[in-house]
Amino acid sequence: MVTNVSSQAAVTALREVVCEAAAKRAPLRIRAGGTKDFYGNATTGSVLDPRCHSGVLAYEPSELVITACAGTSLAELENTLAEHGQMLAFEPPHFGSTATLGGCIAAGLAGPRRTAYGPSYGGVRDFVLGARMLDGRGEVLTFGGSVMKNVAGYDLARLLVGSLGVLGVILEVSVKVLPQPAAQLTLSFELEQQESLDRLNAWAGQPLPLSASVWHEGVLSVRLSGNRAAVTDARGRLGGELMEASSADEFWASIREQTHPFFAGAEALWRVCVPSTMPASELHSTPLIEWGGALRWLRTSRASQEVRAAAQRGGGHATLFRGDPSYDVFTPLAAPLMTIHRRLKSHFDPAGIFNPGRLYREL
Amino acid sequence: MNRQREMASALCELLPQHCVLWSAEDTRPYECDGLMLHRQLPMIVVLPETEVEVAQVLRLCHARGVPVVPRGAGTGLSGGALPHGEGVLLSLAKLNRIIEVDPLARTATVQPGVRNLAISEAAAQHGLYYAPDPSSQVACTIGGNVAENSGGVHCLKYGLTVHNVLRVRGVTMEGESVDFGSLAPDASGLDLLATIIGSEGMLAVTTEVTVRLVPRPRLARCIMASFADVGHAGDAVAALIAAGIIPAGLEMLDQAASRLVEPFANAGYDLEAAAVLLCESDGTPEEVDAEIEHMCAVLREARATRIQVSSNEAERLRFWAGRKNAFPAAGRASPAYYCMDGTIPRKRLGEMLRTIQALELKYQLRCPNVFHAGDGNLHPLILFDDGDPESVARAEAFGAEILERCIEIGGTITGEHGVGVEKLDQMCSQFDPSTRAAFVAVKCAFDPSRLLNPGKVIPTLHRCAEYGRMRVSSGKLPFAELPRY
Chain A
1 MVTNVSSQAA
11 VTALREVVCE
21 AAAKRAPLRI
31 RAGGTKDFYG
41 NATTGSVLDP
51 RCHSGVLAYE
61 PSELVITACA
71 GTSLAELENT
81 LAEHGQMLAF
91 EPPHFGSTAT
101 LGGCIAAGLA
111 GPRRTAYGPS
121 YGGVRDFVLG
131 ARMLDGRGEV
141 LTFGGSVMKN
151 VAGYDLARLL
161 VGSLGVLGVI
171 LEVSVKVLPQ
181 PAAQLTLSFE
191 LEQQESLDRL
201 NAWAGQPLPL
211 SASVWHEGVL
221 SVRLSGNRAA
231 VTDARGRLGG
241 ELMEASSADE
251 FWASIREQTH
261 PFFAGAEALW
271 RVCVPSTMPA
281 SELHSTPLIE
291 WGGALRWLRT
301 SRASQEVRAA
311 AQRGGGHATL
321 FRGDPSYDVF
331 TPLAAPLMTI
341 HRRLKSHFDP
351 AGIFNPGRLY
361 REL
Chain V
364 MNRQREMASA
374 LCELLPQHCV
384 LWSAEDTRPY
394 ECDGLMLHRQ
404 LPMIVVLPET
414 EVEVAQVLRL
424 CHARGVPVVP
434 RGAGTGLSGG
444 ALPHGEGVLL
454 SLAKLNRIIE
464 VDPLARTATV
474 QPGVRNLAIS
484 EAAAQHGLYY
494 APDPSSQVAC
504 TIGGNVAENS
514 GGVHCLKYGL
524 TVHNVLRVRG
534 VTMEGESVDF
544 GSLAPDASGL
554 DLLATIIGSE
564 GMLAVTTEVT
574 VRLVPRPRLA
584 RCIMASFADV
594 GHAGDAVAAL
604 IAAGIIPAGL
614 EMLDQAASRL
624 VEPFANAGYD
634 LEAAAVLLCE
644 SDGTPEEVDA
654 EIEHMCAVLR
664 EARATRIQVS
674 SNEAERLRFW
684 AGRKNAFPAA
694 GRASPAYYCM
704 DGTIPRKRLG
714 EMLRTIQALE
724 LKYQLRCPNV
734 FHAGDGNLHP
744 LILFDDGDPE
754 SVARAEAFGA
764 EILERCIEIG
774 GTITGEHGVG
784 VEKLDQMCSQ
794 FDPSTRAAFV
804 AVKCAFDPSR
814 LLNPGKVIPT
824 LHRCAEYGRM
834 RVSSGKLPFA
844 ELPRY
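The structure is reproduced here in structure tokens:
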């Protein structure tokens, strides 16, 4: 990866802060724009702001890769890609104008395009090709690279996705990007929840250019993206009402950024991630459903054990996305998995200074 | 000998007797994988039939400090399944059951010994298939694919193993069963599924895999384009992607490779062309027609000298037959061949080919090239004589120099075949000591005893120091005739 002089100075500065904190065993809270402060368990420590390390380091559209510093504004990054007709295919939520690339990777949250279907789509981890990070000893580690295929050494760049900063400070990331679809349209259908789930799963087994879906209050909306001929053909097959293009864009943005009325209010918001075929009856409250049935958002004041048990019975897990911080936010891990987590934490962050407790109390 | 007898009788208490092999004639078939330059007889071979037996074997070996090397079909090309002389070779061949195909959820749950192609065959009746298609897919197993993060000719569009596996159930060296990932799109905690995939059997022994199945496209067609210069072909690859196209497959053969495979496969390749590019489009008939037309226009603009489009499925398969038979053709043309696997930025393809041509003269060995051009993943095939130690040494030095060049131009030493024992030296060049220390830490987090597939992937500090010294002495290897592990 290319590193320019000013970014080297920034890495040196970040490194000094880390080494000093490690020496004193004083916790650091890694935080840039603070747009995802609500996410994860409560943590303590003085703020380490990686935004001093920002900017695009390498971008050649024909290589389908962008390499940028963690402090780079997510909006600016996406604008740069859009100028060349490309995009982050995982459609990450920003949750505010100050979101950064580093925060996007550390939170690991993907948006509507992370459907269970479409071969070219996926989660954040599916597009991360390489990363540089600063560990708790102040060492700079380099994983993966900026090429499409790389199996040299363990795939630790993807390990940083969703790590919520507990392993170290993400410095730079190389991400695979994709061309924006040539055509896009949204169809809506009046359908009950279970009927929608059945239909979404059946559609996903057919070669259709589905790029997003939402079911909410008796209406199923699906987005088709891709080659113009494929989108037109799929529209003919699926039927439904065509949503006007600008309201469709607004609608998908409101799902991605959670500005849709479903997400308003103070009641706890659960993110229930399950196999897309889990029957509607397994969850006792009415969700907003994304990802072809695999992501079900719940507003409920039910006890966390109850929500978790339902998700786990269905083969998935439940995260308290927004709500009472005194609960454990993430589904507890099986003992052998937690042992591996603890050992990893103790190598990457021997003094235990990075975002203590944010992912799990034990880390 | 005593140790072998003791271990064999202890294992026979855990497994049926026919599942434990120790005489040299029985263990000989396991002495190497697809990288035949390295061979080693294992102390014992075991072939457990259940996950419980796998866990029992691992617990016993852990308690007695005996190394374990897991093995699938043995098609790996980097020596990842090279046995340990004082260890147990754990073959997963008998765990070969397809547990469930769920057409509605589009998943298949299978045991590790199930062959890659068998998954697609089982899913075919539902119009679904498993996307990663390594060229060895008839023989290689899903357990091995998980270990290597295998790709194939369609991964630019459809991804690698890591993009197509939802869940891996594995047993740690300590004998504990662990689920990595889940049946949902993600799981809680760190993404250890991504760490397990491509870990070359060093972190846990895979006992069950749930893969994602995708709908089979209605139609696929392939373009075969000729170029008068390899640089032009490389530019054409960049031009296709810059035009916003993600071809379902994008492969390149240089002239030497086309001439090598043509008599074998009768694919109809243009033998006068410096490079042949295969570009595939899949989707609905209308979509494919539009994309093929778009691709042809871009290719013509990029100085293609001849363009042929497959008009039916038989013709499409014939176009691919040459590419998919490149390795066997190399095996026929030469006593032995050595397949390299570096990946580089796509724009450096032409330059890399010229470098390889210069190295052919330097080492006096032929080296036809096939590429997963869309991914920048190279497979130079160095032809040599394995009966001649001097030819072997030249082939290895040739390969090492290609890999060093890959690193220099911003690429990697392995795109899909793994490090195994083969590329340990180049790991020293590609990764700095702190990153290598992180790899050791990850290894220890899963396997503190370091008994599971030891000596693979991560070079020791000592080895790297030695490799550094060797490279300093102007690329001339001392004791070039000695095998290096």
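Top line first, the protein sequences correspond to chains A and V. All residue numbers for the first sequence refer to the working numbering, where the first residue is 1 and numbers rise by one. All residue numbers for the second sequence refer to the working numbering, where the first residue is 364 and numbers rise by one. We treat Cβ as the ideally placed atom computed from N, Cα and C, and that holds for glycine.
Using a C-beta cutoff of 8 Å, does Asp554 of chain V count as contacting chain A?
-> Here residue 554 of chain V is taken as the residue at index 191 of the second sequence, counted from 1. Answer yes: the Cβ-Cβ gap between Asp554 of chain V and chain A drops below 8 Å somewhere.
At least one CB of chain V closer than 8 Å to the CB of Pro325 of chain A: is that the case?
-> Here residue 325 of chain A refers to the residue found at position 325 of the first sequence. It does not: the Cβ of Pro325 of chain A has no partner Cβ on chain V nearer than 8 Å.
Which ranges would you report for the alpha helix (DSSP H) in the stretch 682-744 of chain V if only whole runs of at least 4 residues count?
-> 689-696, 712-726
Same chain, Cβ closer than 6 Å to Thr718 of chain V, five either side skipped, listed in chain order = Here residue 718 of chain V refers to the residue found at position 355 when the second sequence is read from its first residue. Arg768, listed in sequence order.
Under 7 Å Cβ-Cβ, which residues of chain V neighbour Ile289 of chain A?
-> Position 289 of the first sequence holds residue 289 of chain A. Simply none; closest approach about 13 Å.
Output the residue ranges of the beta strand (DSSP E) runs that lie fully inside the stretch 461-540 of chain V and measure 3 residues or longer, sorted by chain position.
-> 461-465, 470-473, 528-534
From Phe794 of chain V to Ile821 of chain V, what distance separates their C-alpha atoms?
-> Within the second sequence, residue 794 of chain V is the residue found at index 431, counting from 1. Within the second sequence, residue 821 of chain V is the residue found at index 458, counting from 1. Approximately 10 Å between the Cα atoms of the pair.
Is there a Cβ from chain A that is less than 8 Å from the Cβ of Phe802 of chain V?
-> Within the second sequence, the letter at position 439 stands for residue 802 of chain V. Chain A contact via Cβ: present.
Given that Gln793 of chain V touches chain A, what residues does it touch there, using C-beta distances under 7 Å?
-> In the second sequence, residue 793 of chain V corresponds to position 430, counting from 1. What Gln793 of chain V touches in chain A: Ala152.
Separation of Asp751 of chain V from Gly552 of chain V, as counted between CA atoms | Position 189 of the second sequence, counted from the start, is the residue given in the question as residue 552 of chain V. Position 388 of the second sequence, counted from the start, is the residue given in the question as residue 751 of chain V. Each residue's alpha carbon lies about 52 Å from the other.
What are the boundary residues of the beta strand (DSSP E) that includes Asp749 of chain V?
-> Taking the first residue of the second sequence as position 1, residue 749 of chain V is located at position 386. Premise fails: Asp749 of chain V is in no beta strand (DSSP E) and is neither H nor E.
When Cβ atoms are compared, which residues of the stretch 769-783 of chain V fall closer than 8 Å to chain A?
-> Gly773, Gly774, Thr775, Ile776, Thr777, Gly778, Glu779, His780, Gly781, Val782
Between the Cα of Glu306 of chain A and the Cα atoms of A:Val161, A:Pro209, A:His284, which residue gives the shortest distance?
-> Counting from one through the first sequence, the residue named residue 306 of chain A turns up at place 306. The candidate whose alpha carbon is nearest that of Glu306 of chain A is A:His284.
At least one CB of chain A closer than 8 Å to the CB of Leu519 of chain V: is that the case?
-> Here residue 519 of chain V corresponds to residue number 156 of the second sequence, with the count starting at 1. Cβ-Cβ to chain A under 8 Å: yes for Leu519 of chain V.
Between the Cα of Leu556 of chain V and the Cα atoms of V:Met370, V:Gly533, V:Glu539, V:Gly538, which residue gives the shortest distance?
-> Looking up residue 556 of chain V in the second sequence gives position 193. Comparing Cα-Cα distances from Leu556 of chain V to each of V:Met370, V:Gly533, V:Glu539, V:Gly538, the minimum goes to V:Gly533.
Any beta-carbon of chain A closer than 8 Å to the one on Pro817 of chain V?
-> Taking the second sequence and counting its residues from 1, one reaches residue 817 of chain V at position 454. Closer than 8 Å: no.
May I ask you to list the residues that DSSP assigns as paired with Glu257 of chain A?
-> Numbered from its first residue, the first sequence carries residue 257 of chain A at position 257. Answer by DSSP bridge pairing: none, since Glu257 of chain A is not bridged.
Could you tell me whether the Cβ atoms of Val624 of chain V and Ala689 of chain V are closer together than 8 Å?
-> If you number the second sequence from 1, residue 624 of chain V lands on position 261. If you number the second sequence from 1, residue 689 of chain V lands on position 326. Contact: yes.
Span of the alpha helix (DSSP H) holding Val624 of chain V?
-> The sequence position of residue 624 of chain V within the second sequence is 261, counting from 1. It spans 618-628 - the alpha helix (DSSP H) in which Val624 of chain V sits, taken as one unbroken run.
Minimum Cβ-Cβ distance from Arg300 of chain A to chain V less than 8 Å | Numbered from its first residue, the first sequence carries residue 300 of chain A at position 300. What sits at residue 300 of chain A in the sequence shown is Thr, not Arg. It does not; no Cβ of chain V falls within 8 Å.
Shorter than 8 Å from the beta carbon of Ile66 of chain A to some beta carbon of chain V?
-> Here residue 66 of chain A is taken as the residue at index 66 of the first sequence, counted from 1. Not an interface residue.
For Gln849 of chain V, which three-state DSSP category applies?
-> Residue 849 of chain V cannot be examined here, being either before or after the span of chain V that is shown, 364 to 848.
On the premise that Val429 of chain V lies in contact with Gly450 of chain V, defined as a C-beta separation below 8 Å, what is that separation, rounded to the nearest angstrom?
-> Residue mapping note: residue 450 of chain V aligns to position 87 of the second sequence, counting from 1. Residue mapping note: residue 429 of chain V aligns to position 66 of the second sequence, counting from 1. The pair is a contact, with the Cβ atoms about 6 Å apart (cut-off 8 Å).
State yes or no: is the beta carbon of Asp549 of chain V nearer than 8 Å to at least one beta carbon in chain A?
-> For the purposes of this step, residue 549 of chain V is taken as the residue at position 186 of the second sequence. Interface residue, yes.
Measuring only between beta-carbons, confirm whether Thr277 of chain A sits less than 8 Å from chain V.
-> As a first step, residue 277 of chain A is located in the first sequence; it is residue number 277 there, counting from the start. Yes, Thr277 of chain A lies at the interface with chain V (some Cβ there is under 8 Å from its Cβ).
Could you give the distance in angstroms between the alpha-carbon of His735 of chain V and the alpha-carbon of Gly705 of chain V?
-> Sequence index remark: in the second sequence, residue 735 of chain V carries index 372 (1-based). Sequence index remark: in the second sequence, residue 705 of chain V carries index 342 (1-based). Rounded to the nearest angstrom, the two C-alpha atoms are 11 Å apart.
Leaving out the 5 sequence neighbours to the left and right, which residues in its chain are closer than 6 Å to Pro181 of chain A when beta-carbon positions are compared?
-> Working through the first sequence from its first residue, we reach residue 181 of chain A at position 181. Here the set comprises Ser225, Gly226.
Measure from the C-beta of Gln206 of chain A to each C-beta in chain V and report whether the shortest distance is under 8 Å.
-> Counting from one through the first sequence, the residue named residue 206 of chain A turns up at place 206. Chain V, which has a Cβ nearer than 8 Å to the Cβ of Gln206 of chain A, makes this yes.
Are the Cβ atoms of Val477 of chain V and Thr569 of chain V separated by less than 8 Å?
-> Taking the second sequence and counting its residues from 1, the one referred to as residue 477 of chain V is at position 114. Taking the second sequence and counting its residues from 1, the one referred to as residue 569 of chain V is at position 206. No, these two residues do not count as a Cβ contact at 8 Å.
Which residues DSSP lists as bridging Ile170 of chain A, in chain order = Residue numbering aside, residue 170 of chain A sits at position 170 when the first sequence is read from its first letter. Paired residue(s): A:Met133.
Would you mind giving the Cβ-Cβ distance between Ala910 of chain V and Ala628 of chain V, rounded to the nearest angstrom? I have them listed as a contact below 8 Å.
-> Because chain V is modelled from 364 through 848, residue 910 of chain V falls outside the range shown and cannot be assessed.
For the stretch 709-740 of chain V, which residues have a beta carbon sitting closer than 8 Å to at least one beta carbon of chain B?
-> Included in the structure are the protein chains A and V, with no chain B among them.
Flag Asn479 of chain V as yes if its beta-carbon sits less than 8 Å from any beta-carbon of chain A, otherwise no.
-> The residue labelled residue 479 of chain V in the question sits at position 116 within the second sequence. For Asn479 of chain V, the answer is no, since every Cβ of chain A falls outside 8 Å of its Cβ.
How about Pro336 of chain A and Pro27 of chain A: are their beta carbons less than 8 Å apart?
-> Residue mapping note: residue 336 of chain A aligns to position 336 of the first sequence, counting from 1. Residue mapping note: residue 27 of chain A aligns to position 27 of the first sequence, counting from 1. No.
Would you please state the rounded distance, in angstroms, between the beta carbons of Ser62 of chain A and Gly130 of chain A? I believe it to be under 8 Å.
-> Counting from 1 along the first sequence, the entry for residue 62 of chain A is found at position 62. Counting from 1 along the first sequence, the entry for residue 130 of chain A is found at position 130. Between Gly130 of chain A and Ser62 of chain A the Cβ distance is about 18 Å, and since that is not below 8 Å, they are no contact.
Closest to Glu643 of chain V by CA distance: which of V:Met587, V:Arg530, V:Arg669, V:Gly522 is it?
-> Your numbering for residue 643 of chain V matches position 280 in the second sequence. With distances taken between Cα atoms, Glu643 of chain V lies closest to V:Met587.
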